[in-house]
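Take a look at the structure below.
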Amino acid sequence: MRDAHRARLLEFLRTIQKPDQPLDAVAETDSLIEAGLIDSLALLEIVAFLEEQYRIDFAETGLEPDQLTSVSGILDLIEREGRA
Amino acid sequence: MPVGLLVRRLGQLHEDPAVVARWQAWMGPALARLTPRRRRSLLALGALYVAVRQPLREMVPGVGLAEPDGPVAAALIVLGCFLAVVAVYAAASRFASLPAAVRSRPQVALHAAFWALVTVAWVVPDGRGPGALALSGLVLALPFLLWRMGYLLMSGQRGRVAGSRFGDHLLYLYPAYGGTNTPYGKGLDHLSRHEAATDEALARSQLAGLKLLILAAIYNGLLALMAGLVYGDARSAWSRYGLGLPRLEQMLPASGTSWATAWTALYVTLLWDVLKLAARGHEIIGVLRLFGFNVFRNTYKPLLAPSIVEFWNRYYYYFKELLVEFFFFPTYVRRFRRSPRLRIFAATLAAAGFGNLYYHLLQRDDFVLSLEPATVGPWLLSRGFYCLALSLGIYLSMRREQSRRGAAAPPPSALTRVRRIAGVWTFFALLSIWAEDSVAGFGQRLSFFLALFGVR
Chain A
3 MRDAHRARLL EFLRTIQKPD QPLDAVAETD SLIEAGLIDS LALLEIVAFL EEQYRIDFAE
63 TGLEPDQLTS VSGILDLIER EGRA
Chain B
2 MPVGLLVRRL GQLHEDPAVV ARWQAWMGPA LARLTPRRRR SLLALGALYV AVRQPLREMV
62 PGVGLAEPDG PVAAALIVLG CFLAVVAVYA AASRFASLPA AVRSRPQVAL HAAFWALVTV
122 AWVVPDGRGP GALALSGLVL ALPFLLWRMG YLLMSGQRGR VAGSRFGDHL LYLYPAYGGT
182 NTPYGKGLDH LSRHEAATDE ALARSQLAGL KLLILAAIYN GLLALMAGLV YGDARSAWSR
242 YGLGLPRLEQ MLPASGTSWA TAWTALYVTL LWDVLKLAAR GHEIIGVLRL FGFNVFRNTY
302 KPLLAPSIVE FWNRYYYYFK ELLVEFFFFP TYVRRFRRSP RLRIFAATLA AAGFGNLYYH
362 LLQRDDFVLS LEPATVGPWL LSRGFYCLAL SLGIYLSMRR EQSRRGAAAP PPSALTRVRR
422 IAGVWTFFAL LSIWAEDSVA GFGQRLSFFL ALFGVR
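So the protein lines, in turn, are chains A and B.
Residue numbers for the first sequence follow my numbering, beginning at 3 and rising by one.
Residue numbers for the second sequence follow my numbering, beginning at 2 and rising by one.
So, in structure tokens, the structure goes:
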């Protein structure tokens, strides 16, 4: 299941990557922001993606930006809070 | 070796394994003794000193400490601030058992409690005596702690305070490494995430800290040079060679400034402000890194930012983070969820607009202490306009950045990049007309702005 989530997530991240920083090879625990692959603007799109695809309600759970800066952090959140 | 490459290598020395290994060998015994727990204890000891010094330093301009009741009032203020910190820590560590209204809006509850105290200070007639002095001192001193206590509550909301030591929270509540009302390094959650756990990580963090301290010294030198050569500051040894350019705050209320002088002053002010903020931030983050907290620097090459939103990210990182965490995200996850554009606009307005204005209002002693509309009104108009224009600029910049996402694209040409950077400089230089600390009213600032384009 995690593999399916990962594939779906990476596919989405490619649609919001910075134009001059392609998201080709990224380790699951790498900080996407520190690696310069995405920025804080992309976090908003990740939030919208998680709300829409996994029905995570951040108004209920609270939004912790640091959870959303690595692929593994996002996958953990999906497994914990996701409903799809 | 080309100069550019040399500069880049020098800038990355702290990441060079050979340099890190040499630092470890040189500092070996000291690094081994400076365990994370000991480093935290050292900062907690420093916090006790700050707990006494900071409230008194904050109240000195507004409250008569020299009066006979001064020492008692001072003790009450220090104690009052500390009790506030203890109360918030207690609330954060038992977050789940707090009343539902507080749990759902902990930050609103915190600020409501502060404003309740301010209201009492407004209502209580001015008088002598330690109680009245202490009340005035408390409302002036607490804004320094408010956002820090906010991070503590946020940590409690995430269930992370229960297992932590009170002393660890003192690190950032009363930062011995320095700071303003903005918590550099944020709260314990963020600091812990970036804390060096091994000798090697500590060595790397310390080298990165030293680099920032060296950069801060260079920037301070440049500022001293600018003060003499550009502004003709009489205290500078270089003043006799100076251009004698008036400061922007002096130009704003004056009339008849030449077009060229006004534009020069705007860009020079931008450079001055960036250097000053970078120097101060590098000193604070540099010290934090020496203690093993390898957090982001506060200012990172904002003058090379190709967009408004990028400049905003790089100029004053911890203030931006404060606005994002306390205003942007809470609005973003709650409001207009079905309308993506309106959602981002509302969140941007909440952070760069309302949050920015509110943060600066808390720093106005004349407002917090005595609600003086005559002095606060004109300031509010100019600052409000600044916040609104900033919000619109950031929103439009975000929209433009979003539209560029998705497809890999070649980097922009050098000319395009220079054009974008110049645009960002001009936007923030013009915006500073309404943010500059000056006696000038809104009308005078508007006249100055129009005169830049030949409209008098």
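Quick reminder that beta carbons are idealized off the backbone N, C-alpha and C, glycines included.
Since the model is a prediction, treat every value here as computed from it, not as a measurement.
- Residue state for Phe294(B) is assigned as strand, using DSSP reduced to three classes.
- In this chain, Tyr185(B) is not harboured by any alpha helix (DSSP H), its DSSP state being neither H nor E.
- In the three-state reduction of the DSSP assignment, Glu196(B) falls in the strand class.
- Interface residue (Cβ-Cβ distance to chain B less than 8 Å): Phe51(A) is not classified as such.
- Scanning Asn314(B), Asp366(B) and Tyr396(B) for the CA closest to the CA of Ala351(B) turns up Tyr396(B).
- Taking C-beta atoms as the reference points, Leu323(B) and Gly354(B) fail to come closer than 8 Å.
- By the CB criterion at 8 Å, Met252(B) and Ala263(B) fall inside the cutoff.
- The C-beta separation of Leu382(B) from Phe443(B) comes to about 4 Å, placing the pair in contact by the 8 Å criterion.
- The Cβ-Cβ distance between Tyr319(B) and Asn299(B) falls below 8 Å.
- For Ile345(B), the neighbours in chain A by C-beta distance under 7 Å run, in chain order, Leu46.
- For Ala423(B), the enclosing alpha helix (DSSP H) begins and ends at Ala415 to Ala436.
- Its chain contains Ala85, Val86, Val89, Leu111 and Leu174 as the residues whose beta carbon lies nearer than 8 Å to that of Met150(B), once the 5 sequence neighbours on both sides are disregarded; these appear in chain order.
- Taking a contact as a CB-CB distance under 8 Å, the pair Leu147(B) and Leu363(B) counts as one, their CB atoms being some 7 Å apart.
- Short of 7 Å from the beta carbon of Gly293(B), and not among the five residues preceding or following it, lie these beta carbons of its own chain, in chain order: Pro37, Arg40, Glu196, Ala197, Leu203 and Ser206.
- In the three-state scheme derived from DSSP, where H, G and I count as helix and E and B as strand, Ile35(A) is classed as coil.
- By a beta-carbon distance limit of 8 Å, Arg290(B) contacts Gly210(B). Their separation comes to about 3 Å.
- For the C-beta of Glu402(B), the chain A residues within less than 7 Å are, from N- to C-terminus, Leu43.
- Listed by position along chain A, the residues whose Cβ is nearer than 7 Å to that of Pro341(B) are Ala50.
- For Glu13(A), the closest Cβ of chain B is not nearer than 8 Å.
- The residues Ser383, Phe386, Tyr387 and Arg446, in chain order, have a CB closer than 6 Å to that of Trp435(B) in the same chain once the five nearest residues on each side in sequence are set aside.
- Annotated three-state conformation of Phe454(B) is coil, per DSSP.
- Taking all protein chains in view, the Cβ of Met155(B) is crowded by 16 or more other Cβ atoms within 10 Å, so the residue is classified as buried.
- With a threshold of 8 Å between beta carbons, Gln13(B) makes no contact with chain A.
- Measuring C-alpha to C-alpha distances from Ala44(A) to each of Glu250(B), Arg405(B) and Val425(B) identifies Arg405(B) as the nearest.
- In the structure shown, Pro3(B) adopts coil according to DSSP, grouped into three states.
- Of Ala430(B), Leu6(B) and Thr199(B), the smallest CA-CA separation from Leu453(B) is found for Ala430(B).
- Here Leu77(B) really is in contact with Pro131(B); their C-beta atoms are around 6 Å apart, less than 8 Å.
- Cys82(B) is positioned such that its CB atom lies closer than 8 Å to that of Leu139(B).
- With a cutoff of 8 Å on beta-carbon distance, Leu143(B) and Gly71(B) are scored as not near each other.
- If you ignore the 5 residues before and after Tyr333(B), its C-beta comes within less than 7 Å of the C-beta of Arg344 and Ala348, all in its own chain and listed in chain order.
- Under the three-state reduction of DSSP output, Gln158(B) falls in the helix class.
- Taking the beta carbon of Phe386(B) as reference, no residue of chain A falls within 8 Å; the closest one sits roughly 25 Å away.
- Taking CB atoms only, Leu65(A) has a neighbour in chain B less than 8 Å away.
- Taking 4 residues as the shortest admissible run, the stretch 229-303 of chain B contains the following complete alpha helix (DSSP H) segments, listed from N- to C-terminal end: 249-252 and 260-291.
- With contacts defined by Cβ atoms closer than 8 Å, Gly75(A) and Tyr56(A) do not form a contacting pair.
- The Cβ atoms of Pro331(B) and Ala50(A) lie no closer than 8 Å to each other.
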